[in-house]
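Structure first, then comments.
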Ligand SMILES: Cc1cc2nc3c(=O)[nH]c(=O)nc-3n(C[C@H](O)[C@H](O)[C@H](O)COP(=O)(O)O)c2cc1C
Ligand code: SF4
Ligand code: FES
């Protein structure tokens, strides 16, 4: 199996979705990893995941095994929460996993629950994923019948329940502490940290909790079966394994592609996705949706590997790997205004700089888009965004500052043209 | 002194702007920087009484710590021998930091300055900047911090500002201006964390985030006014003060709440006002910090209830009966006429005084009566007793309910503290939040019972508490037999480090209450808690000066004696005997002459020969002794009403006219006499009562942003009287509970905070919150009487009858009907009694 192409999107190797438990077990070695795990010491499972170098796929890239090891083992109550809020602009990979290979997520989550000693797993899905949740409920039921969920699982003495929970449609509820508030029935606003979710007092109902992204956990079964060493062989030194890259925008073949971390932007965008639309050339790229810094699609960028460390070197992030591609038909000020509208709409309002800053930026960008602004307004939003960055309660404030600061840094002339009314606002906004 | 640094507090060293300070371990950085270093870190959302939330981002600082080797944990040093400091690359919020050893902070760097400037700029982008017409202008944290940290020019286009509702009534008392709100959540958190009535919430998100109330009626709580003090902008204003005056026109006068046994410290904001003939007038009532008593909070009754002092119905002239009419008179001739009447009584003189008379009034009254050869001094109302036991096994000097917490226990029995002494209810609830075990015992549900036993699944408030529901009227028996019938609870109470027992009189006759209070005292003595600091007995005596009545020699048992053996002449001071008690007219008719000193032409005044107008707490100085035996002084705040004078003065001059010695010239002089002649008051002078001390948290200074607009205590924190006497555990005989005959039912009067008493009804804006009169029955009893929930019913009792609504639910125990006092203008039973309840269909009219 180590030589099959996919670690997460295993259905692609088979040629059709792996929905039924039977198929998963028979055709993809389903639950083999979990069976192996429950025979191991809990700490050995954590060590294996740690050794694999698996990093969180929700955006921050925090080493998953390290996070699991933070959970205090002697606490009586612990939880696993799966972050299936998938709200980042241009991200549509978690949905694919849950729709096409759902058991692999359940298996990964159960393995995590076993490793940290949690008796409950909550899968928190964005409100729009109600159909996905419904489908997952059926898979969970199937796994329960087969003895993977419930009391004394596989005779190991380990008991665990898995539940799905739907949010009410807020981007901020993808932020882990806001997610926990929402799951508890409270207003979806981030919490002060520390304490972190993995610490007593910081997690779900105040109990130590692992929050992991869907994709992160879907990697775990493969690691359990094939071992950390095999996993580490894939990708780069600091970014082990494969990543699900979501490609959208001005591109020939948009979609989700699972590729090793050492793949370059060029390989993905030109070779795999067929380059920009006919007659157009690449202009810019948002590698991590609206929340990461934009980069001009220069040769240097195209030849960069899509790993955490390589992206940091070109002053951007790979984040959740939602690549939004822009060709030369796009005015980047328009992109900034679209993105800031999103953040102004999604800011939770809990902290001052983000609540006021996103609103203010949106208002000035409206002026710019209407051609009723000056160069001074561009300086102003640059300054406002910089004032906002770094002092907010959660990272959303930084996410919202990024598109302004970096679009102006790289494409100031687009703003000038727009502000002075030289370019009409583009259709479709 | 109330301070975070106790003898046994472990200290750690932190460095602020290059200087080392020793601070208590575990303290909050903002609090400690202020307390120890006098460094006022600007805050909006942080409040020293609530958990930090890190929302406003105003408190940004540079944060670092002594660098340690990751492997060995050893401190790493620079070449010059100083420890290396590792600084966070980004600014951090001070309010979310707990101090620890080796913490380094910088509050005065360029980076910090820029961070704070940015936050102020963000806060002002959509702010309406309507300071010239804002009630908070002049004492506004946002205004002050803008002056200190803002950059002076706005970069936001005016047209781009967000517009929201500007006059949104959250309830009858509080208005919200959604444009001014800076979303700090202090109001929400106060209601949730401190009060436990979480009736406010955020709605929407982003720039549209706004405060809503989720209760019906809106903002349903007895503590709403406090949110206007801690709101750091003018977003929350009271219906009382709104647009009434500017803060800088106000003169602050320290005072004491006249309502209940808590003795909340207040500040009366006064102004010479055209609405009051150019005299000084109370424009608002604000909390004054006293960490021993009310911290920085007051109840809404205290805040909004001042209107009676200027009511058109206030008695402003002397009234002397001639036949069936009254005529006005002058003080001098009245003193003489009253003295003559008193002397002619040949010693058959008695007095009954209520809980709003001051220590000075009561002392002078006692002197007069005894000087005339009388010896009967009755306390009103004869519903509660046990002040003598509070004097012996109450909370010793130096106690503070604010110190109760983990390991301590509280029992509240036969009292609905929410309605009787709301500040005690708030402080006991917060004590439970700090870990104290809270037991509420009653024959019906109360708000405190709900809080004490709150389900953690509802709000995540995990508390240690229990409820005992007993058969109506059996409180004394329950207390006497607690160790047998509630073994586990009794053991936990007895084993607690500190134990406070609050023994109310609900459902009890005076004899029953005595049995209850004695049993409670026995429990405290047997468990070894009596005499221990932060342990002891409390009784929610009615009025502000129930303990003062005791110390000056007035007792409720004597009131019963007076009723049984009426004197020739009765002096009534601040006691609405006929309005309160439907049975009083029977024995009062045997009194030849009644002399009344009061605020209103109430029913007893109308039956009197002499009616003398006396001043309220607002217009004079004086002192009250609160339920914790703290003697507290208040000062003259408001201009006089008509000819009213302080009661001590009226009584002293009557005594002088009766040749009983010279009248005293000031309240202070009366206190000198009290100190000399009343043992418990030894050493107490007005100067002693005016003493203040530094209190933690440091609220009310120039930095209103820290603690809100509660005032610093400049008028004195008062003096708690030491325990005296040696109460012993005594055998208690519990009187038999009242028994209803066939077709009858026991009526159990209860107290409501908002009622139709003469003192409260002039507060017009709260009127809609005064409940219509009702009787509350258990379904079983209701069935026997053929009553359903919502029916109209006529309640008949000794001395009267009234039509009310019937409430039927199992929130009350079987065997009695709960029948709140003073919800109608008619007198309804003052103490438990047997009566009848019948359903009425026509006309469906109730008497409010
Ligand atoms: C504003 C904001 C939105 C986020 N949205 C998501 C999301 O939709 N899905 C997700 O998995 N993580 C999201 N995250 C990251 C989570 O906070 C958290 O880091 C992640 O769930 C951890 O899982 P991982 O370690 O497996 O990546 C978001 C973070 C922020 C600050
Ligand atoms: S109303 Fe006042 S206290 Fe409440 S959130 Fe707004 S600013 Fe804060
Ligand atoms: S964030 Fe610290 S005071 Fe508001």
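Chains as they are written, first to last, in my numbering: chain A, 41 to 469; chain B, 1337 to 2184.
Quick reminder that beta carbons are idealized off the backbone N, C-alpha and C, glycines included.
None of the values given here were measured: they were computed from a predicted structure.
Inter-residue Cα distance where the pair is residue 401 of chain A and residue 2033 of chain B
About 39 Å.
Closest by C-alpha distance to residue 1669 of chain B, when choosing among B:2099, B:2149, B:1994:
Of the residues B:2099, B:2149, B:1994, the one whose Cα lies closest to the Cα of residue 1669 of chain B is B:1994.
Is residue 1586 of chain B close to chain A, meaning its C-beta is less than 9 Å from at least one C-beta of that chain?
No, its Cβ sits nowhere closer than 9 Å to a Cβ of chain A.
CB contact check: residue 1532 of chain B to chain A, cutoff 9 Å
Not an interface residue.
State yes or no: is the C-beta of residue 1392 of chain B nearer than 8 Å to some heavy atom of ligand 3?
Remark: the shortest separation between the CB of residue 1392 of chain B and any heavy atom of ligand 3 falls under 8 Å.
Taking 9 Å as the CB-CB limit, is residue 1392 of chain B close to chain A?
Yes, residue 1392 of chain B counts as interfacial toward chain A.
contact_flag[the region 1595-1610 of chain B, the region 1411-1422 of chain B] where n(CB pairs < 8 Å) is 3 or more
Flag = no, the region 1595-1610 of chain B and the region 1411-1422 of chain B do not touch.
Complete runs of the beta strand (DSSP E) confined to the region 159-193 of chain A [at least 3 residues]:
Runs of the beta strand (DSSP E) spanning 3 or more residues and lying entirely within the region 159-193 of chain A occur at 160-165, in chain order.
Interface residues of chain A around residue 1855 of chain B at Cβ under 8 Å?
None at all; the shortest Cβ gap to chain A is about 40 Å.
Tell whether a beta-carbon distance below 9 Å holds between residue 437 of chain A and residue 129 of chain A.
Not a contact, by the Cβ cut-off of 9 Å.
For residue 219 of chain A, decide whether its Cβ has a neighbour in chain B, counting only Cβ atoms nearer than 9 Å.
No, residue 219 of chain A does not count as interfacial toward chain B.
Would you list, in chain order, the members of the region 1538-1563 of chain B that have their beta-carbon closer than 8 Å to a beta-carbon of chain C?
In the structure shown, chain C does not exist; the protein chains are A and B.
Run down chain A in chain order and give the residues with a C-beta less than 8 Å from the C-beta of residue 1451 of chain B.
For residue 1451 of chain B, the chain A residues whose C-beta falls within less than 8 Å of its own C-beta are 431, listed in chain order.
Any heavy atom of ligand 3 closer than 8 Å to the CB of residue 1443 of chain B?
When distances are taken from the beta-carbon of residue 1443 of chain B to the heavy atoms of ligand 3, even the shortest one reaches 8 Å or more.
Out of B:1359, B:1350, B:1355, state which residue places its alpha-carbon closest to the alpha-carbon of residue 1344 of chain B.
Answer by Cα proximity: B:1359.
Return the residues of the region 1422-1436 of chain B that lie within a Cβ-Cβ distance of less than 7 Å from chain A, sorted by chain order.
Under the 7 Å Cβ criterion, the region 1422-1436 of chain B contributes 1426, 1427, 1432.
From the DSSP output, in three-state form, read off residue 200 of chain A for me.
In this structure, residue 200 of chain A counts as strand in the three-state DSSP scheme.
I'd like the ranges of any beta strand (DSSP E) spanning at least 3 consecutive residues and lying wholly in the region 1365-1428 of chain B.
Entirely contained in the region 1365-1428 of chain B, the beta strand (DSSP E) runs reaching 3 residues are, in chain order, 1396-1402, 1421-1423.
Taking a contact to mean a Cβ-Cβ separation below 9 Å, would you say residue 389 of chain A touches residue 1519 of chain B in this structure?
Against a cut-off of 9 Å, the Cβ pair of residue 1519 of chain B and residue 389 of chain A comes out as a contact.
9 Å Cβ cutoff, residue 79 of chain A in contact with chain B
Among the CB atoms of chain B, none fall inside 9 Å of the CB of residue 79 of chain A.
Any non-hydrogen atom of ligand 3 closer than 8 Å to residue 1567 of chain B Cβ:
Using a cutoff of 8 Å, the CB of residue 1567 of chain B does not count as near ligand 3, since none of the ligand's heavy atoms is closer than that.
Under 9 Å between C-beta atoms, does residue 395 of chain A make it to chain B?
At a cut-off of 9 Å between beta carbons, residue 395 of chain A contacts chain B.
Does the beta-carbon distance from residue 255 of chain A to residue 284 of chain A come in below 9 Å?
With contacts defined as CB atoms closer than 9 Å, residue 255 of chain A and residue 284 of chain A qualify as a contacting pair.
Quick one: what's got a C-beta closer than 6 Å to residue 2186 of chain B's C-beta in the same chain, skipping five residues either side?
The question about residue 2186 of chain B has no answer, for chain B in this structure spans 1337 to 2184.
Following a CB-centred definition, is residue 1380 of chain B positioned closer than 8 Å to any heavy atom of ligand 3?
Answer for residue 1380 of chain B: yes, Cβ within range of ligand 3.
When you check each C-beta in the region 403-427 of chain A against every C-beta of chain B, which residues fall closer than 7 Å?
Shown in chain order are the members of the region 403-427 of chain A whose Cβ falls below 7 Å from a Cβ of chain B: 403, 420, 427.
Please determine whether the Cβ atom of residue 1530 of chain B lies at a distance below 8 Å from any heavy atom of ligand 2.
Because no heavy atom of ligand 2 lies under 8 Å away, the Cβ of residue 1530 of chain B does not count as near it: no.
For chain A, is any of its Cβ atoms less than 9 Å away from the one on residue 1527 of chain B?
Cβ-Cβ to chain A under 9 Å: no for residue 1527 of chain B.
Any chain B beta carbon closer than 9 Å to residue 469 of chain A
Because the pLDDT at residue 469 of chain A is just 45, under 50, the model does not fix this residue reliably, and the value given afterwards should be weighed accordingly. So no, residue 469 of chain A is outside the interface.
Between which two residues does the beta strand (DSSP E) holding residue 1574 of chain B run?
That run of the beta strand (DSSP E) goes 1572-1574.
Within 8 Å of chain A by C-beta, residues of the region 1448-1473 of chain B in sequence order:
Residues passing the 8 Å Cβ filter: 1450, 1451, 1454, 1455, 1457, 1458, 1459, 1461, 1462.
At a threshold of 8 Å, does residue 2200 of chain B count as lining ligand 2 (C-beta to nearest heavy atom)?
What the structure shows of chain B is the stretch from 1337 to 2184, and residue 2200 of chain B is not part of that stretch, so it cannot be assessed.
At 8 Å on the CB atoms, spell out the chain B contacts of residue 389 of chain A, in chain order.
Here the neighbours are 1519, 1538, 1540, 1541, 1542, 1543, 1544, 1545.
Cβ-based burial, residue 412 of chain A [other Cβ within 10 Å; buried from 16]
Exposed, since its Cβ has fewer than 16 Cβ neighbours within 10 Å.
Same chain only: Cβ atoms within 7 Å of residue 376 of chain A, ignoring 5 sequence neighbours per side
Residues 405, 443, 444, 447 of the same chain have their beta carbon placed closer than 7 Å to that of residue 376 of chain A, with the five preceding and five following residues left out of the count.
Comparing C-alpha positions only, which one of B:2055, B:1863, B:2099 sits nearest to residue 2029 of chain B?
Closest option to residue 2029 of chain B, Cα to Cα, is B:2055.
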